[in-house]
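*Asks:* I'd like to ask you about the structure that follows.
In the working numbering, the protein residues as written are 57 to 539.
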């Protein structure tokens with residue numbers, strides 16, 4: 057945003073000219089702010105990216121990279137990680153020496169008479185060199201002091217284990233953030249492949265529409281020549297309109313899926329996209345089950361997060377267990393105190409504090425039960441997740457194998473349907489048969505092509521899911537897709 061500032065004198069002259077009926081010149085007025093076409097700033101400093109003119113070229117690598125940087129889930133996970141790290145620092149500070157320096161100065165005026173001190177009270181008192189009869193009842197005192205205070209925990213086992221538990225909480229937040237990255241990589245990659253499949257459906261529908269237009273012209277020409285029937289023309293027109301409806305529906309689905317992709321990668325909903333990658337296809341040799349399981353137990357971030365939570369709960373239980381121990385701390389200060397601009401003298405205080413918990417057995421037992429229950433609960437979750445991981449990997453491997461076979465069958469069906477359409481078209485052009493077999497062959501080819509697109513999408517999705525279940529989707533998705 058650009059603003060032009062003018063000297064104060066120029067602004068005053070412009071105001072004065074307006075007061076006498078003279079309009080300021082355009083060059084004397086401040087320029088209007090120029091909006092940034094790429095970024096929009098909302099209230100609170102929130103930056104929102106604007107749509108760029110024209111279509112934005114986007115590959116699957118760029119989409120996943122944008123998602124890992126701009127997805128809202130990632131940003132919230134990073135914010136939560138910073139929050140937990142700040143809390144860990146606050147807990148850590150309880151174990152460190154606390155030192156503060158203070159300095160104060162002030163003036164105080166006191167009415168001694170209002171406090172009961174009167175000169176008549178000192179008539180019987182005689183102090184050499186001091187005239188008590190002239191004692192002032194209004195006293196003004198200027199006092200200045202400066203001191204350095206120190207507090208330190210010398211022996212506090214629960215505080216130590218609470219700090220160790222807080223460290224594990226920091227690791228839990230880190231693992232959760234990494235787990236969110238894997239989820240975003242899977243979702244963005246799947247949505248990109250879904251959009252690519254939509255684009256393939258549109259290409260197939262457009263090709264069939266063109267073929268139906270040619271078939272309709274042939275039917276009309278045959279009818280005009282007297283060798284065709286009106287029924288052939290009606291069949292061709294119905295088939296053409298059916299494919300046009302399919303094309304309209306495919307274009308609508310493609311547009312909505314691109315909007316969903318924009319949302320995942322932090323782009324405006326109105327941003328036009330040009331998907332530069334086609335649906336990849338390559339044979340995939342899956343790892344043996346035992347190797348995949350070992351890789352998952354090492355790389356699955358949700359499992360590592362639960363394991364960190366188990367250690368956190370264990371250290372919390374130890375902190376509760378050692379609350380019965382005494383705690384020892386030290387506190388004190390040293391400084392100077394005296395009349396302002398007068399005589400100062402050193403002051404200090406040093407004290408040790410030894411605390412024993414007494415009559416807190418009910419509370420301590422309750423806290424112990426809570427800590428043990430949390431520890432057992434997390435342990436059960438870990439055991440359950442390991443079984444779930446095996447189930448997920450086995451299911452993903454079955455999906456990959458089945459989808460691979462389906463792709464091969466679907467490709468063969470497309471080839472057969474294409475040959476069937478060619479044969480029926482040649483028979484119709486030769487006048488051997490009417491166009492009913494041609495219409496049926498076109499419908500068969502359309503279904504075969506749609507099935508091929510869908511099975512190819514399912515195959516790539518199954519491979520991404522397998523990569524996610526083994527915990528490597530955000531780093532090895534290219535290997536699994538065969539790119």
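The beta carbon of each residue, even a glycine, is placed where N, CA and C say it ideally should be.
1. Just the C-alpha distance for residue 90 and residue 504, rounded to the nearest angstrom, thanks.
2. Going straight from the alpha carbon of residue 514 to that of residue 315, what length do you get?
3. Quick check: what's the CA-CA separation for residue 93 versus residue 323?
4. Could you have a look at residue 272 and say whether DSSP puts it in helix, strand or coil?
5. Excluding the 5 residues flanking residue 151 on each side, which residues of the same chain have their C-beta closer than 7 Å to its C-beta?
6. Helix, strand or coil: how does DSSP classify residue 411 here?
7. Assuming contact is defined by CB atoms lying nearer than 7 Å, are residue 109 and residue 332 in contact in what I supplied?
8. Cutting at 8 Å between CB atoms, please list the residues of its own chain near residue 428, excluding the five before and the five after it.
9. Check the C-beta distance from residue 334 over to residue 252 and give it rounded, since I have them as a contact under 8 Å.
10. Output needed for residue 378: all residues of its chain with C-beta closer than 6 Å, excluding positions within five of it in sequence on either side, in chain order.
11. Give me the Cβ distance between residue 261 and residue 303, rounded to the nearest whole Å; I'm assuming they're in contact under 8 Å.
12. On the criterion of 16 or more Cβ atoms from any shown chain inside 10 Å, does residue 65 qualify as buried, or is it exposed?
13. Using the Cβ count rule (16 or more neighbours within 10 Å means buried), how would you classify residue 310?
14. Please confirm whether residue 445 and residue 348 have their CB atoms less than 7 Å apart.
15. Can you name the residues that DSSP bridges to residue 164?
16. Could you check where the beta strand (DSSP E) with residue 385 kicks off and where it finishes?
17. Do residue 389 and residue 223 have their C-beta atoms within less than 7 Å of each other?
18. What separation, rounded to the nearest whole angstrom, lies between the Cα atoms of residue 408 and residue 384?
19. So what does DSSP say about residue 85, is it helix, strand or coil?
20. What does the alpha-carbon distance come out to for the pair residue 529 and residue 119?
21. Is it true that the stretch 124-134 meets the stretch 221-240, where meeting means three or more beta-carbon pairs spaced less than 8 Å apart?
22. Go ahead and label residue 280 buried or exposed: buried means 16 or more other beta carbons lie within 10 angstroms of its beta carbon, across all protein chains shown.
23. Locate the alpha helix (DSSP H) running through residue 493, then write down its first and last residues.
24. Can you tell me where the beta strand (DSSP E) holding residue 112 begins and where it ends?
25. Decide if residue 366 is buried, meaning its Cβ has at least 16 other Cβ atoms within 10 Å, or exposed.
26. Kindly indicate the opening and closing residues of the beta strand (DSSP E) around residue 331.
27. Roughly how many angstroms separate the alpha carbons of residue 494 and residue 479, rounded to a whole number?
28. If you run the structure through DSSP and keep just helix, strand and coil, what is residue 252?
29. Taking the Cβ atom as the reference point for each residue, do residue 508 and residue 466 lie within a distance shorter than 7 Å?
30. Here's a check: name, in chain order, each residue in its chain whose Cβ is nearer than 7 Å to the Cβ of residue 137, leaving out the five neighbours to either side.
31. Can the beta-carbon of residue 327 be found less than 7 Å from the beta-carbon of residue 107?
32. When the Cα atoms are used, what is the spatial distance from residue 436 to residue 364?
33. Which first and last residues belong to the alpha helix (DSSP H) in which residue 305 is found?
34. Which residue's Cα is closest to the Cα of residue 356: 432, 527, 170?
35. Am I right that residue 523 and residue 533 are in contact with their C-beta atoms under 8 Å? What's the rounded C-beta distance?
36. Could you pull the start and end residues of the alpha helix (DSSP H) that residue 375 belongs to?
*Replies:* Put simply:
1. Residue mapping note: residue 90 aligns to position 34 of the chain shown, counting from 1. Residue mapping note: residue 504 aligns to position 448 of the chain shown, counting from 1. Confidence at residue 90 is low in this model, with a pLDDT of 45, below 50, so the placement of that residue should be treated as unreliable; the coordinate-derived value is given next. Computed Cα separation, rounded: 54 Å.
2. Counting from one through the chain shown, the residue named residue 514 turns up at place 458. Counting from one through the chain shown, the residue named residue 315 turns up at place 259. Distance between the alpha carbons of residue 514 and residue 315: 21 Å.
3. Position 37 of the chain shown, counted from the first residue, corresponds to residue 93. Position 267 of the chain shown, counted from the first residue, corresponds to residue 323. With a pLDDT of 48 at residue 93, under the threshold of 50, the predicted position of this residue should be treated as unreliable, though the coordinate-derived value follows. Roughly 14 Å between the two C-alpha positions.
4. Along the chain shown, read from residue 1 onward, the residue named residue 272 stands at position 216. Helix at residue 272.
5. Here residue 151 corresponds to residue number 95 of the chain shown, with the count starting at 1. Within the same chain, residue 151 has close Cβ partners 209, 215, 216, 219.
6. Within the chain shown, residue 411 is the residue found at index 355, counting from 1. If DSSP states are grouped into helix, strand and coil, residue 411 belongs with the strands.
7. Against the chain shown, residue 109 aligns to sequence position 53. Against the chain shown, residue 332 aligns to sequence position 276. No, Cβ-Cβ distance for residue 109 and residue 332 is not below 7 Å.
8. For the purposes of this step, residue 428 is taken as residue 372 along the chain shown, with counting starting at 1. 373, listed in sequence order.
9. The count along the chain shown starts at 1 and reaches residue 334 at position 278. The count along the chain shown starts at 1 and reaches residue 252 at position 196. Going by Cβ atoms, the distance from residue 334 to residue 252 rounds to 6 Å, so yes, they are a contact pair.
10. In the chain shown, residue 378 corresponds to position 322, counting from 1. Around residue 378: 213, 214.
11. Working through the chain shown from its first residue, we reach residue 261 at position 205. Working through the chain shown from its first residue, we reach residue 303 at position 247. Between residue 303 and residue 261 the Cβ distance is about 4 Å, and since that is below 8 Å, they are a contact.
12. For this step, residue 65 is matched to residue 9 along the chain shown. Note on residue 65: pLDDT 37, under 50, position unreliable in the model; the coordinate value appears next. When all chains shown are included, residue 65 counts as exposed.
13. Reading the chain shown from its first residue, position 254 is the one you call residue 310. Under this definition residue 310 is a buried residue.
14. On the chain shown, residue 445 is found 389 positions in, with the first residue counted as 1. On the chain shown, residue 348 is found 292 positions in, with the first residue counted as 1. Between residue 445 and residue 348, the CB-CB gap reaches or exceeds 7 Å.
15. Here residue 164 corresponds to residue number 108 of the chain shown, with the count starting at 1. Within the DSSP bridge table, the entry for residue 164 names 197 as partners.
16. Position 329 of the chain shown holds residue 385. Counting along the chain, residue 385 sits inside the beta strand (DSSP E) bounded by residues 383-395.
17. One-based indexing of the chain shown puts residue 389 at position 333. One-based indexing of the chain shown puts residue 223 at position 167. It is not a contact, given that the beta carbons lie outside the stated cut-off.
18. On the chain shown, residue 408 is found 352 positions in, with the first residue counted as 1. On the chain shown, residue 384 is found 328 positions in, with the first residue counted as 1. Going from the Cα of residue 408 to the Cα of residue 384 covers about 7 Å.
19. What you label residue 85 is simply residue 29 of the chain shown in a count that begins at 1. Because the pLDDT of residue 85 is 48, which lies under 50, any placement of that residue in the model is unreliable, and the question is left without a value.
20. For the purposes of this step, residue 529 is identified with residue 473 of the chain shown, where counting begins at 1. For the purposes of this step, residue 119 is identified with residue 63 of the chain shown, where counting begins at 1. Cα to Cα, residue 529 sits roughly 14 Å from residue 119.
21. Taking 8 Å as the limit for Cβ pairs, the verdict is that the stretch 221-240 does touch the stretch 124-134.
22. Stepping through the chain shown from its first residue, residue 280 is reached at position 224. Classified as exposed, residue 280 has fewer than 16 neighbouring CB atoms from the shown chains inside 10 Å of its CB.
23. The residue given as residue 493 occupies position 437 in the chain shown. DSSP places residue 493 inside the alpha helix (DSSP H), whose first and last residues are 492-525.
24. Position 56 of the chain shown, counting from 1, holds the residue named residue 112. That run of the beta strand (DSSP E) goes 112-114.
25. In the chain shown, counting from the first residue as 1, residue 366 sits at position 310. Under this definition residue 366 is a buried residue.
26. By 1-based counting over the chain shown, the position of residue 331 is 275. That run of the beta strand (DSSP E) goes 329-331.
27. For the purposes of this step, residue 494 is taken as the residue at position 438 of the chain shown. For the purposes of this step, residue 479 is taken as the residue at position 423 of the chain shown. Rounded to the nearest angstrom, the two C-alpha atoms are 9 Å apart.
28. In the chain shown, residue 252 corresponds to position 196, counting from 1. Three-state result, residue 252: helix.
29. Reading the chain shown from its first residue, position 452 is the one you call residue 508. Reading the chain shown from its first residue, position 410 is the one you call residue 466. A contact, by the Cβ cut-off of 7 Å.
30. For this step, residue 137 is matched to residue 81 along the chain shown. Around residue 137: 229, 230, 233.
31. In the chain shown, residue 327 corresponds to position 271, counting from 1. In the chain shown, residue 107 corresponds to position 51, counting from 1. The answer is yes: Cβ separation under 7 Å.
32. Along the chain shown, one-based indexing puts residue 436 at 380. Along the chain shown, one-based indexing puts residue 364 at 308. Those two C-alpha atoms are separated by around 14 Å.
33. Residue numbering aside, residue 305 sits at position 249 when the chain shown is read from its first letter. Here the alpha helix (DSSP H) through residue 305 covers 286-320.
34. Here residue 356 refers to the residue found at position 300 when the chain shown is read from its first residue. For residue 356, the nearest C-alpha among the options comes from 527.
35. For the purposes of this step, residue 523 is taken as the residue at position 467 of the chain shown. For the purposes of this step, residue 533 is taken as the residue at position 477 of the chain shown. Indeed they touch by this definition, with Cβ atoms about 6 Å apart.
36. Within the chain shown, numbered from 1, the residue matching residue 375 stands at position 319. Here the alpha helix (DSSP H) through residue 375 covers 357-377.
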